[in-house]
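Here's the structure, in structure tokens; my notes come after.
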Amino acid sequence: HQLVNSWPSALYREEPEDRTLRSLGGHAAFNRKGHNYLEIIPATEQDGELVPDGIEIPGKVRDMNVWVWGSNRAYSLEVQLRDHRGIIHTLDFGSIRYRGWDNLQVNIPSYIPQEVVYVPQRRGLEVAKFVLWTSPRERVDEFFVYFDELRVTTDTFEEPFDGEELADPEYVEELWDEGGGE
Numbered sequence: 011h012q013l014v015n016s017w018p019s020a021l022y023r024e025e026p027e028d029r030t031l032r033s034l035g036g037h038a039a040f041n042r043k044g045h046n047y048l049e050i051i052p053a054t055e056q057d058g059e060l061v062p063d064g065i066e067i068p069g070k071v072r073d074m075n076v077w078v079w080g081s082n083r084a085y086s087l088e089v090q091l092r093d094h095r096g097i098i099h100t101l102d103f104g105s106i107r108y109r110g111w112d113n114l115q116v117n118i119p120s121y122i123p124q125e126v127v128y129v130p131q132r133r134g135l136e137v138a139k140f141v142l143w144t145s146p147r148e149r150v151d152e153f154f155v156y157f158d159e160l161r162v163t164t165d166t167f168e169e170p171f172d173g174e175e176l177a178d179p180e181y182v183e184e185l186w187d188e189g190g191g192e
């Protein structure tokens with residue numbers, strides 16, 4: 011995978027002024043047909059090593075969409091979201107059997123927990139990975155796939171209440187550190 015100078019024309023209508031914009035490109039192949047998959051895992055560099063590091067999503071997530079370039083192969087894309095308990099939820103973006111760029115969307119079902127009854131109530135989700143699956147009868151020789159413009163619709167509003175700063179873990183830690191452990 012690498013960053014490439016390409017983007018969906020429908021998204022920008024013309025070449026973006028900021029020429030540093032790039033899409034994430036994947037180039038892969040498999041030896042035989044079957045239920046093969048390619049994982050796209052967010053990562054950060056730590057001590058010269060790439061370490062998986064999910065993308066945190068603030069607020070209560072309603073839906074997400076991503077621009078994907080398909081090469082008209084019978085492949086499908088899914089996203090794996092991790093909830094506050096560490097449980098992975100898999101949602102299907104659908105097929106990428108089309109030519110060129112298309113915007114794929116998935117709604118976040120209400121059964122995925124994003125809040126609790128205790129303060130602080132909001133518990134965000136995290137994008138753990140994207141998985142591109144091949145269909146058993148589709149060609150799996152050399153192929154390319156490109157991703158751009160991941161967007162998420164979230165509700166970040168929380169009803170204010172007296173003492174809400176005491177629900178912020180960072181503030182509480184700072185408050186208790188100031189006390190000197192007495």
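Quick note: to get our numbering, add 10 to the position in the sequence shown (first position is 1).
All C-beta atoms in this analysis are idealised placements derived from N, C-alpha and C, irrespective of residue type, glycine included.
Owing to the predicted nature of the structure, the values given are computational and were not obtained by experimental measurement.
Cβ neighbours of residue i in the same chain (closer than 7 angstroms, five flanking residues each side left out)
{"i": "ASN75", "result": "ASN113, LEU114, GLN115 and ARG161"}
{"i": "ARG147", "result": "LYS43"}
Euclidean distance between Cα positions of residue i and residue j
{"i": "ILE97", "j": "THR166", "result": "22 angstroms"}
{"i": "GLU49", "j": "TYR108", "result": "20 angstroms"}
{"i": "GLY35", "j": "LEU91", "result": "21 angstroms"}
{"i": "ILE118", "j": "TRP79", "result": "23 angstroms"}
{"i": "VAL182", "j": "VAL71", "result": "26 angstroms"}
{"i": "VAL129", "j": "PRO170", "result": "12 angstroms"}
{"i": "PHE157", "j": "GLY58", "result": "25 angstroms"}
Residue closest to residue i, alpha-carbon to alpha-carbon, out of the options
{"i": "THR54", "options": "ARG92, LEU48, GLU66 and HIS45", "result": "GLU66"}
{"i": "PRO68", "options": "THR144, VAL137 and GLU184", "result": "VAL137"}
{"i": "PRO179", "options": "ARG133, VAL71 and TRP143", "result": "ARG133"}
{"i": "PHE40", "options": "VAL182, ARG92 and PHE154", "result": "PHE154"}
{"i": "GLY44", "options": "ALA84, TRP79 and ASP73", "result": "ALA84"}
{"i": "SER33", "options": "TRP77, ARG42, ASP57 and PRO52", "result": "TRP77"}
{"i": "GLU168", "options": "GLY58, GLU125 and ASN46", "result": "GLU125"}
{"i": "ILE51", "options": "SER120, SER81, ALA38 and LYS139", "result": "LYS139"}
Extent of the continuous beta strand (DSSP E) to which residue i belongs
{"i": "LEU142", "result": "135-144"}
{"i": "THR163", "result": "153-165"}
{"i": "ILE97", "result": "Per DSSP, ILE97 belongs to no beta strand (DSSP E) and is neither H nor E."}
{"i": "LEU60", "result": "59-62"}
{"i": "LEU176", "result": "First-last for LEU176: undefined, no H or E at that position."}
{"i": "HIS37", "result": "33-38"}
{"i": "ASN117", "result": "109-117"}
Close Cβ partners of residue i (< 6 angstroms) along its chain, the five nearest in sequence each way excluded
{"i": "ASP102", "result": "GLU88"}
{"i": "HIS99", "result": "LEU91 and ILE122"}
{"i": "HIS94", "result": "ARG133"}
Residue span of the alpha helix (DSSP H) that contains residue i, given as start and end
{"i": "ASP187", "result": "179-188"}
Chain-order list of residues whose beta-carbon lies under 8 angstroms from that of residue i (same chain, five-residue window excluded)
{"i": "SER86", "result": "ASP102, PHE103, GLY104, SER105, ILE106, LEU142, TRP143 and SER145"}
{"i": "ASP73", "result": "GLN115, VAL116, ASN117, ILE118, VAL162 and THR163"}
{"i": "ARG149", "result": "LYS43 and ARG83"}
contact_flag[the region 170-181, the region 43-63] where n(CB pairs < 8 angstroms) is 3 or more: Taking 8 angstroms as the limit for Cβ pairs, the verdict is that the region 43-63 does not touch the region 170-181.
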